[in-house]
Structure formats: structure tokens, C-alpha cells
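Before any comments, here is the structure.
Protein chains: 2
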Amino acid sequence: MVEIETSILSKNDAYAATNRARLAALGTLALNLVSSPGSGKTTLLCKTVSALMGRHPVAVIEGDQQTANDADRIRATGAPAIQVNTGKGCHLDAHMVGHAIEHLSPTPGGVLFIENVGNLVCPAAFDLGEATKIAILSVTEGEDKPLKYPDMFAAAGLVILNKVDLAPHCDIDMDLYETNARRVNPGVEVIRLSARTGEGMAAWLNWIEVQRAAHATAAAAQ
Amino acid sequence: MVEIETSILSKNDAYAATNRARLAALGTLALNLVSSPGSGKTTLLCKTVSALMGRHPVAVIEGDQQTANDADRIRATGAPAIQVNTGKGCHLDAHMVGHAIEHLSPTPGGVLFIENVGNLVCPAAFDLGEATKIAILSVTEGEDKPLKYPDMFAAAGLVILNKVDLAPHCDIDMDLYETNARRVNPGVEVIRLSARTGEGMAAWLNWIEVQRAAHATAAAAQ
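Given below as C-alpha cells:
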């Protein structure tokens with residue numbers, strides 16, 4: 262089994278390197294959003310895309326086992342989106358994402374969001390060619406999740422603690438979420454956010470803007 | 262890839278058949294609890310185990326990528342529990358569960374709970390030898406989840422809609438959760454429950470009692 266896994270992953274990594282080179286040439290910031298099902302990724306994305314549109318080119322790749330619901334929700338904001346259905350599959354891979362990028366042909370200097378299949382395990386191992394994996398955790402899920410699913414939180418360049426509006430109704434400790442995330446990923450930035458109320462959206466949009474500008478500048482300098 | 266998957270699954274199915282025969286001989290009801298991370302499986306299990314203990318023998322197998330947190334929580338109720346850490350793995354398999362059953366040696370006529378790794382995708386394909394898969398969904402996750410992860414909800418013999426105490430704080434429609442679960446699994450029973458407040462626990466405990474009695478009777482008749 263280990264050999265088979267290694268061979269699948271090295272094939273994936275080759276596709277991921279091609280995607281990364283292509284996105285770098287475009288100066289496009291690609292963000293891979295990973296989480297449990299139901300952490301609020303799509304609602305966050307809809308609000309984020311609406312806030313960014315008119316300022317920068319935005320495009321979205323949506324991964325799910327079934328349905329085109331999420332791509333439909335994104336397209337309702339006016340942004341281009343493509344749905345990838347994985348069927349039995351539990352994660353997006355770099356080959357699927359490469360085809361989706363071709364199909365979308367992102368405008369240079371913008372942001373490409375990739376919403377992975379809701380799964381805190383398998384997507385951790387698959388590089389899609391993104392700049393950063395962003396792990397999203399809902400406050401309803403429990404503070405121990407970074408410790409129980411450490412690979413995903415170790416792989417993340419940013420953690421979003423979402424649905425903070427529900428915190429007063431749950432028996433949870435928001436500081437402990439951050440402490441546990443940093444036990445598996447020391448120093449990782451954590452943004453507390455509610456996509457529903459808008460709390461924390463400014464910090465998140467600012468984080469994106471800083472990353473986007475760096476990518477666009479690096480491409481222009483080449 | 263398809264051939265490899267078939268070979269892994271048929272190996273798993275052989276182990277599952279052995280587990281199932283062993284559990285049938287004991288008259289032990291085995292329930293495989295599957296869900297996203299953070300749907301409240303462990304809290305529900307702690308309350309359930311506490312309610313059943315003293316009436317019937319109870320034992321628990323806990324699956325997680327890392328940590329022994331969940332088995333520790335179960336043992337605090339006084340019930341025997343064993344933790345299986347899957348490491349990189351995204352689901353329990355029947356071989357792991359077979360070893361755990363040997364280790365626990367369940368008392369005849371009781372209930373064995375198997376809490377799977379939090380993952381709405383991969384555990385759907387792996388029979389552990391259980392009597393029934395129970396899919397648990399938190400009301401915070403969104404009504405579209407049965408449609409987006411149909412394999413799991415199609416495989417379930419019972420759906421628990423958990424954390425109903427949070428429903429008034431979320432923009433959700435509880436009837437739509439049930440409608441969507443039955444779109445992929447017509448006629449499936451759905452129990453609305455809050456492990457935190459105790460709402461719905463009586464219906465769930467009654468469901469277990471009916472199943473347990475049927476298993477114990479079948480074993481006694483052999």
C-alpha cells in the first residue's frame with residue numbers, strides 16, 4: 262500500500278508543479294480551502310467573492326462528491342465557477358484542478374479559490390499547485406479537532422475559525438482552538454470570523470490582498 | 262486504480278464477515294457511527310453509554326487519526342473502550358476492528374459502539390461487520406449535506422440530526438434535512454436529537470433497545 266500511495270502522490274505532485282508554474286506566470290493567487298463538511302466554506306466564499314469583485318479578477322473551482330450546488334451559489338455572485346464532482350473520490354487532485362484551470366482561464370493578477378471536498382483527512386496529502394492551504398474550522402466542531410486531524414492543520418498556511426457568532430451557544434473556548442492549532446503548527450495565523458455576521462471579514466480580506474499583491478508583483482518582475 | 266480498490270474492499274469484506282459472525286454468535290449489537298468531524302458523536306456516545314450501563318453490557322471502539330482523547334472520555338463513564346489511531350488513514354477497516362473486538366472481548370447480549378474517523382466520504386465504503394451504520398449530522402452543517410455526500414447517507418440504517426438546540430441560532434430548515442436524507446435513502450428513519458440538552462435521547466435509546474433485543478434473541482435461538 263505504501264508504494265502505491267507514493268506513486269499516486271508523485272504523479273499528483275508533477276501535475277501540481279505544472280499548475281503552480283502556470284499560476285505563477287499569470288500572477289494568480291490560488292487558495293485551497295479545506296475543512297470538514299459544513300464548516301461554512303461556501304458561504305464564506307460567496308461573501309469573499311462579492312467583496313473582491315470589481316477590485317480584482319476572481320474565479321472559483323468547486324469540489325464535491327455530487328451536485329453542482331456550490332458552483333451555482335458562486336455563479337449567483339457573478340464570478341466564474343466550475344464544479345468538479347469527484348464521485349466516490351474524497352479529495353480534489355492536481356490533475357482535476359489543471360483541467361479546471363484550463364477551462365476557467367483565469368485573468369492575470371487575480372485570485373483563484375479552490376474549495377476542496379469537505380474532508381479533514383485526505384485533502385491534506387494532495388498538493389493542487391495552490392499558494393496556500395487554508396483550514397477552516399467551525400466553532401461548533403470542538404477544540405480538539407486540530408489534534409485529532411493534525412496533518413491538515415500542519416499543512417495549513419492560515420486557519421480560519423468560522424461561525425464565531427455561534428460561540429455563545431456552544432460550550433467552547435475559542436482560545437483553546439488557537440492553542441491546539443498552534444500545537445500542530447507553531448506560529449500559524451488564526452483569523453476568527455463569522456461569514457454570517459461579517460465579523461472578521463476585514464482581516465480576512467486584508468490577508469488575501471497582501472498575498473495577492475505579492476503574487477502579482479512577483480509575476481510582473483519576471 | 263479501480264482494480265486496486267476492488268481488491269482492498271474484497272479483503273476488507275472478508276474480515277467484516279468474520280467480525281459479523283463473531284458478533285452474531287455473541288448476540289452483540291454493533292453500531293458504526295459515521296459523520297463529519299465535530300458533529301457531536303463522542304458527546305452523544307458518552308451520554309448513551311451512561312444511560313445504557315447497568316442495563317446492558319456496553320463497549321466502545323474509538324477511531325481517530327491521532328490522540329486517545331475519545332477513548333479517555335468514554336472510559337470516564339466506566340465503560341471499556343479501545344482507541345484505534347489510523348495515522349494517515351481516513352477510516353477504520355474491518356481488520357482493525359477485528360483486533361479491537363478481540364481485545365475488548367464484549368460480553369454477550371450487549372451493545373458495541375464503533376465511532377469511526379470523522380469523515381463523510383471514505384468510511385461509507387468500508388463494512389466493519391456492524392449491524393447498522395448510523396449517520397450523524399449536526400444542524401450547523403447545512404441541509405445539502407446528504408445530497409453532496411450521498412454514499413454515506415445511502416449506506417445508513419438510521420440518521421441522527423444532532424445539536425437541534427442550535428437550530429434557532431442557524432438559518433436552517435430541519436424538515437429539509439430529512440427530505441434530503443430521504444432523497445438518497447427513501448424511508449430512512451431520522452431522529453432529531455440534542456446530546457447536550459437530552460432532547461430526543463429517549464427515542465434514540467428506544468431504537469437501540471429494539472435492535473439489541475432482536476440481536477440477543479436471534480443469538481439465543483441458535
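Just so you know, the protein sequences line up as chains A and B, in that order. With the working numbering, letter number 87 in the first sequence gets 348, and the count goes up by one each step, no holes. With the working numbering, letter number 184 in the second sequence gets 445, and the count goes up by one each step, no holes. Idealized CB from N, CA, C, for every residue including glycine.
| Asked | Found |
| --- | --- |
| N330 (chain B) to N273 (chain B) span [Cα, whole Å] | 27 Å |
| Close Cβ partners of G370 (chain B) (< 6 Å) along its chain, the five nearest in sequence each way excluded | G288 and A477 |
| First and last residue of the uninterrupted beta strand (DSSP E) at V449 (chain A) | First-last for V449 (chain A): undefined, no H or E at that position. |
| Closer than 8 Å at the beta carbon, the chain B residues around T546 (chain A) | With chain A running from 262 to 483 in the structure shown, residue 546 (chain A) is simply not present. |
| Best match in B:K409, B:I397 and B:K406 for proximity to W465 (chain B) [C-alpha to C-alpha] | B:I397 |
| contact_flag[the region 408 to 415 of chain B, the region 302 to 321 of chain A] where n(CB pairs < 8 Å) is 3 or more | no |
| Whole-angstrom distance between T304 (chain A) and G459 (chain A), CA atom to CA atom | 11 Å |
| Residues sharing a beta bridge with V295 (chain B), DSSP | B:A396 |
| Cβ separation of V382 (chain B) and V345 (chain A), assumed to be a contact under 8 Å, to the nearest whole Å | Not really, about 14 Å apart at Cβ, beyond 8 Å. |
| C-beta neighbour in chain B for V425 (chain A), strict 8 Å | no |
| N423 (chain B) in three-state terms, based on DSSP | strand |
| T401 (chain B), buried or exposed, once every other Cβ within 10 Å from all chains shown has been counted against 16 | buried |
| Assigned exposure category for A275 (chain B) - 16 Cβ within 10 Å defines buried | exposed |
| Minimum Cβ-Cβ distance from D333 (chain A) to chain B less than 8 Å | no |
| Sequence-distant residues of its chain with Cβ nearer than 6 Å to R457 (chain A) (five each side left out) | D426 |
| Buried or exposed (CB count within 10 angstroms, at least 16 for buried), G301 (chain B) | buried |
| Sequence-distant residues of the same chain with beta carbon closer than 6 Å to Q326 (chain B), five excluded per side | T347 |
| V420 (chain A) beta carbon less than 8 Å from that of V449 (chain A) | yes |
| Interface flag, G299 (chain B) vs chain E, CB-CB below 8 Å | Among the chains of the structure shown, chain E does not appear; the protein chains present are A and B. |
| L437 (chain B) burial status per 10 Å Cβ neighbour count (16 or more: buried) | exposed |
| In chain order, each alpha helix (DSSP H) run of at least 4 residues that lies wholly inside the region 279 to 343 of chain A | 302 to 313 and 330 to 336 |
| Among A:S296, A:H352 and A:A342, the one whose alpha carbon lies nearest that of V372 (chain A) | A:A342 |
| Simplified DSSP state of L373 (chain B), which is helix, strand or coil | strand |
| Between the CA atoms of S268 (chain B) and A474 (chain B) - distance to the nearest angstrom | 36 Å |
| Distance between A481 (chain B) and E376 (chain A) (C-alpha atoms, nearest Å) | 52 Å |
| N-terminal and C-terminal residue of the alpha helix (DSSP H) that D432 (chain B) is part of | D432 (chain B) -> no alpha helix (DSSP H), and no H or E assigned at all. |
| Beta carbon proximity, G461 (chain A) to chain B, threshold 8 Å | no |
| Residue-level contact to chain B via CB, K349 (chain A), 8 Å cutoff | yes |
| Status (buried if at least 16 other CB within 10 Å, exposed otherwise) for A282 (chain A) | exposed |
| Inter-residue spacing [alpha-carbon to alpha-carbon] between E470 (chain A) and G324 (chain B) | 40 Å |
| Interface positions of the region 370 to 381 of chain B facing chain A (Cβ-Cβ less than 9 Å), listed along the chain | V378, G379, N380 and L381 |
| Separation of D354 (chain B) from M262 (chain A), as counted between CA atoms | Confidence at M262 (chain A) is low in this model, with a pLDDT of 47, below 50, so its placement is unreliable and no value can be given for it. |
| Any chain B beta carbon closer than 8 Å to H271 (chain A) | It should be pointed out that residue 271 (chain A) corresponds to Ser in this sequence rather than to His. No, S271 (chain A) lies away from the interface with chain B (no Cβ there is under 8 Å from its Cβ). |
| Limits of the alpha helix (DSSP H) - the one that K406 (chain B) falls within | K406 to K409 |
| Where N346 (chain A) falls: helix, strand or coil (DSSP) | strand |
| From A:L270, A:N441 and A:T393, residue whose alpha carbon lies closest to that of T506 (chain B) | Nothing can be reported for residue 506 (chain B): it is not among the residues displayed for chain B, which extend from 262 to 483. |
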